[in-house]
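In the UniProt record's numbering, the protein residues as written are 1 to 297.
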C-alpha cells in the first residue's frame with residue numbers, strides 16, 4: 001500500500017519519524033517509505049549514513065541527549081523505532097516513546113525481540129521490559145503501539161560466524177548438528193514495518209507480531225553454503241564453553257555471549273507472513289544467502 005499523495009501539499013503528506021534508520025532494517029524502511037510517498041525524518045548519529053533524498057530530513061543526535069529528537073519530532077504522525085544495542089535499551093526506548101506520544105505521534109512501530117520467559121536471557125529482557133512499559137504509558141492514551149518480535153537475524157551469520165566460514169570452511173556453533181535454529185531476514189522485517197506504517201493506524205492498533213522466518217539446522221546451513229560457494233563447508237560443533245569464550249574474546253559482554261552461545265529455543269515459522277508481506281512468503285535461509293553470496297566470498 002502507498003500513501004495517497006495526489007493533490008496533497010507537502011504539509012498534508014504523511015510524516016514519519018525514524019529512529020534507527022541506517023542499519024540493515026532501518027535503511028530499507030527509509031528507502032521504502034520514500035518510495036511510497038511519505039516525508040521521512042531520520043534521527044541519526046552519523047548523518048552521512050542516511051540516503052540523500054528531497055523527501056528525507058536528517059536530524060543529528062544520539063541516545064545520550066535526546067534534545068534534538070524532542071525539538072524535531074512535533075508534527076509527525078508515526079514513529080519507526082529501532083533502538084540499537086545500548087547499555088540501557090529499556091530506558092532509552094521508553095524515553096523516546098514518551099517524547100513521541102507527548103508530541104502527538106499516533107503510532108509507534110517498534111522492533112523488539114521474540115518473547116522468551118522473563119529473565120531467561122538478560123539480553124532480551126531490556127527489549128521486552130520496554131515493550132511492556134511503553135504499552136502501559138499514560139502518554140499513550142489509546143494511541144497505537146505495534147511490536148515486531150523477531151528471532152536471530154540472518155545477517156548475524158555475517159557478524160558472528162563469517163570468519164570461520166571463510167577461513168576454516170566451517171559453520172562453527174555449540175548446537176547439536178540436527179538442532180533446528182530460528183532465522184529471520186532483516187529485509188522481511190523492514191517490509192512488514194513499512195506496510196504497517198502505510199496501513200490505516202486502526203488496522204493494527206496495538207498488535208504484536210512474532211516474526212520467525214525459517215528454521216534450519218547447522219548441518220542444513222553448512223550444506224546450503226557448500227552449494228552456494230562451490231566448496232565443502234562442514235559443521236564444526238564445539239563445546240558451549242568454547243563458544244562462549246570466543247564471543248568474550250571478541251569483546252562481547254557476558255549477557256550477550258551467554259545468549260549467543262547457549263540459545264536453543266525454537267518456534268515454528270510464522271504462519272501469518274503472507275498476510276503481513278502482501279501475499280509473499282518470507283525469505284528462507286538459502287534464498288537470503290544466495291542474495292548475499294558476495295559477502296561470503
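Using N, Cα and C, we set each Cβ at its ideal position, and we do this for glycine too.
Among the options, the one whose alpha carbon lies nearest that of residue i
i, options, result
"residue 66", "29, 44 and 295", "44"
"residue 265", "16, 147, 69 and 121", "121"
"residue 295", "173, 236, 228 and 107", "228"
"residue 208", "48, 46 and 115", "115"
"residue 21", "110, 152 and 13", "110"
"residue 57", "46, 39, 71 and 64", "39"
"residue 204", "238, 250, 107 and 231", "107"
"residue 104", "206, 72, 63 and 82", "72"
"residue 270", "138, 175, 91 and 213", "213"
"residue 238", "98, 138, 177 and 167", "177"
"residue 59", "16, 91 and 98", "16"
"residue 254", "87, 23 and 31", "87"
"residue 82", "23, 68, 138 and 75", "23"
"residue 273", "34, 85, 33 and 211", "211"
"residue 202", "142, 33, 291 and 32", "142"
"residue 52", "163, 34, 61 and 68", "34"
Chain C contact for residue i (CB, 7 Å cutoff)
i, result
"residue 244", "You won't find chain C in this structure, because it holds only one protein chain."
Beta-carbon spacing of residue i, residue j below 7 Å
i, j, result
"residue 93", "residue 124", "no"
"residue 170", "residue 234", "yes"
"residue 50", "residue 190", "no"
"residue 101", "residue 140", "yes"
"residue 18", "residue 30", "yes"
"residue 174", "residue 113", "no"
"residue 236", "residue 172", "yes"
"residue 77", "residue 32", "no"
Assigned exposure category for residue i - 16 Cβ within 10 Å defines buried
i, result
"residue 11", "With a pLDDT of 46 at residue 11, under the threshold of 50, the modelled position of this residue cannot be trusted; read the value that follows with caution. Exposed, since its Cβ has fewer than 16 Cβ neighbours within 10 Å."
"residue 127", "buried"
"residue 9", "Model confidence at residue 9 stands at a pLDDT of 45, short of 50, so the residue's coordinates are unreliable; what they give is reported in the following sentence. So residue 9 ends up on the exposed side."
"residue 118", "exposed"
"residue 232", "exposed"
"residue 26", "buried"
"residue 63", "buried"
"residue 42", "buried"
"residue 79", "buried"
"residue 187", "buried"
"residue 218", "buried"
"residue 89", "buried"
"residue 6", "Since pLDDT at residue 6 reaches only 49, below the 50 mark, its modelled position is unreliable, and the value read off the structure follows with that caveat. Classification for residue 6: exposed."
"residue 263", "buried"
"residue 168", "exposed"
"residue 135", "exposed"
"residue 96", "buried"
"residue 289", "buried"
Paired residues, beta bridge with residue i - DSSP
i, result
"residue 39", "15"
"residue 244", "Answer by DSSP bridge pairing: none, since residue 244 is not bridged."
"residue 56", "40"
"residue 145", "108"
"residue 150", "113 and 211"
_Is it the case that the stretch 142 to 152 contacts the stretch 245 to 256, given that we only count it when at least three CB pairs across the two stretches are under 8 Å?_
no
_With a threshold of 8 Å, are at least 3 pairs of Cβ atoms found where one atom belongs to the stretch 217 to 224 and the other to the stretch 266 to 281?_
no
*Could you say if the stretch 151 to 160 and the stretch 172 to 189 meet the contact criterion of at least three C-beta pairs nearer than 8 Å?*
yes
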